[in-house]
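To start, the structure under review is shown below, and the notes come after it.
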Amino acid sequence: MHLERPLVFFDLETTGIDVEQDHVIEIACLKVFPDRQKQKFETLVNPGRFLTPEISELTGITDEHLVKAPRFAEIADELSNILANSDLAGYNAVKFDLPVLRNEFGRIDKPFPCPPDVVVLDAFEILRHHEQRNLAWTFKYYLGTEMPDAHRAMGDVAATEDIMREQILRYELRGTPAEIVSKLRYPFLDSGRRLKVDGEHVIVCFGKHRGKTLRELTESDPGYVVWMTENLDTEVVEILRRYVHFESPEVPSYPEAAEPGS
């Protein structure tokens, strides 16, 4: 690979997976110059909030590790020097690490230091482009052999059963189907990631009320809850019925298919 300007490989550990709401707790960079010299940078970052047990278990980073770590504003200048006039590389960086990093700079009113025409090489995108992650590929990955009777409906069904049996054994997926799906999605409650659990609260993850709890919404804008129950898909509506005891015939309905306040 020919480099016309430095390429910074970077990775973030964060307080969660919401690119708009969550914060960086660790950042590592490896800057590769066109002459192949390298420069490393890594630091823990105090996010100003407590970590969930799940994040600590996943990363090995605890609140105790972060107490004396610098805040993002304190490392922003040094990090800016690393990223200046550089392209970027990472794994799933386009959809996760990069937007998280942009938001961190935005919170402290600093411009994002990469050039406007920054190129982002994403190893995940390269993988998806060159490896056909279809059923046959997945079957070979888990079972170690070519998939028999591919592209016939019953053959695909049998292969899917074999794959899932291996996944359940390999990843020790215990419980009912509902319990397994719940663990896979956590902290989100639905497949579209529009509602998530935060302690005892359910958080809205879309629209003008992003970041608010359902309890707050039922008090401050109950009509929005009505709109959600009338316009979102059945999966979300069923979740709302479980978590919100809401009946108010006097609340006006919003126009169908138009988000209130949009």
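Each number in my numbering corresponds to the 1-based position in the sequence shown with 9 added.
Cβ atoms here follow ideal geometry from the backbone N, Cα and C, with glycine treated the same way.
An exposed status is given to Y195, since fewer than 16 other beta-carbon atoms sit within 10 Å of its beta-carbon. Judged by DSSP secondary structure, T147 falls outside any beta strand (DSSP E) and instead within the alpha helix (DSSP H) spanning 144-152. Of the candidates G99, G184, V33, the residue whose Cα lies closest to the Cα of V41 is G99. With a contact defined as Cβ atoms closer than 8 Å, V28 and F121 miss out at about 14 Å.
In the DSSP assignment, F19 forms a beta bridge with C38. Boundaries around G164 are those of the alpha helix (DSSP H), 162-179, since no beta strand (DSSP E) includes it. A straight-line Cα-Cα distance of about 10 Å links E239 and Y233. DSSP places E51 in the strand class (E or B) of the three-state scheme. By the criterion of at least three beta-carbon pairs nearer than 8 Å, the stretch 165-173 is in contact with the stretch 136-154.
As the crow flies, the alpha-carbon of R250 is around 12 Å from that of L241. Under the three-state reduction of DSSP, K205 is assigned to strand.
In this structure, V245 lies away from D207, with their beta-carbon atoms at least 8 Å apart. If you ignore the 5 residues before and after P124, its C-beta comes within less than 7 Å of the C-beta of N94, all in its own chain and listed in chain order. Counting the other Cβ atoms within 10 Å of the Cβ of K49 gives fewer than 16, which makes it exposed. Taking 8 Å as the cut-off, the Cβ atoms of V109 and V33 count as close. A distance below 8 Å separates the beta carbons of D72 and F59. In the structure shown, the three-state DSSP call for L130 is strand.
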